[in-house]
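**Q** This structure is in structure tokens; I'll ask about it shortly.
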Amino acid sequence: MDWPTCSPELNSMENLSNILARTAYCNNRQFQTSDELKTTIIDAWEDVESDFLRNLIICMLNCLSGMVSNPTSPAVY
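Set out below in structure tokens:
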């Protein structure tokens, strides 16, 4: 299956990654070691609510379903 160009609605991992990065680097936080950054990201991951993750998955499934059933139409947000 060809992946459409410029389809941010299909990139849930990017959405999640942005949330983790914003949490890790809030207040312009800087890290001295990669282990410190890793620990902070793990802590941020543990704080992500399961409902948020479930909604990302549902959104991704809905977008993929719409893309497969009508690949030439613009995405509906």
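46 is the number that numbering that gives the first Met the number 0 gives to position 47 of the sequence shown; each next residue is one higher, with no gaps. Quick reminder that beta carbons are idealized off the backbone N, C-alpha and C, glycines included. Note that the structure is predicted; figures quoted are calculated from it, not measured.
(1) Just to confirm my understanding: we take D46, look at its own chain, exclude 5 residues before and 5 after, and list those with CB closer than 8 Å. What are they?
(2) Write down the C-beta distance between S11 and L63 rounded to the nearest angstrom, noting that I regard them as a contact closer than 8 Å.
(3) Please classify N27: does DSSP put it in a helix, a strand, or coil?
(4) Is V47 helix, strand or coil when you go by DSSP?
(5) Using CA coordinates, which residue listed in D34, P70, Q31, I41 is at the minimum distance from A20?
**A** Quick look at the numbers:
(1) Counting from one through the sequence shown, the residue named residue 46 turns up at place 47. Within the same chain, D46 has close Cβ partners T22.
(2) Counting from one through the sequence shown, the residue named residue 11 turns up at place 12. Counting from one through the sequence shown, the residue named residue 63 turns up at place 64. Their Cβ separation, rounded to whole angstroms, is 10 Å, which puts S11 and L63 out of contact at 8 Å.
(3) The residue given as residue 27 occupies position 28 in the sequence shown. Here N27 sits in helix by DSSP.
(4) What you label residue 47 is simply residue 48 of the sequence shown in a count that begins at 1. Note: V47 maps to coil in three-state DSSP.
(5) Here residue 20 refers to the residue found at position 21 when the sequence shown is read from its first residue. Nearest of D34, P70, Q31, I41 to A20, Cα basis: I41.
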